[in-house]
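Structure, as structure tokens:
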Amino acid sequence: MKAIYHLKPSELTYDFVDKLKQLHGNLTINIIIQDTEETQDETEFLLRHSDNRAKLLTGLNSQDWVEVDLATIEKNANSL
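If you count by the numbering used here, then the sequence shown holds residues 1317 to 1396, one letter each, in order.
Okay, here's the thing in structure tokens:
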């Protein structure tokens, strides 16, 4: 079983990630970041880290959303 969250990039905060960890423990958590005209600036903020950029751009080239796992976000969080 895994948890999936649909978010705008601005909703992906450190506090939110901490609450997800408390709520789900070791459960696999996927974050689906919705890329629309309204969230483009927010998405560009997430794309500043090269690891995030590669993952997000691959997904966004094929659809209007992308899944990013919580471990990847945590690994790159300090660089944002």
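Heads up, the beta-carbon is just placed ideally off N, CA and C, and yes, glycines get one too.
CA-to-CA distance, residue j to residue i, given in whole angstroms
i, j, result
"T1331", "L1339", "For clarity, residue 1331 is Asp in the given sequence; the question names Thr instead. Roughly 12 Å between the two C-alpha positions."
"D1334", "N1346", "14 Å"
"K1337", "Y1321", "13 Å"
8 Å Cβ cutoff met for residue i and residue j
i, j, result
"L1328", "I1348", "no"
For residue i, the first and last residue of its enclosing alpha helix (DSSP H)
i, result
"L1328", "Unbroken run through L1328: none, as it is neither H nor E."
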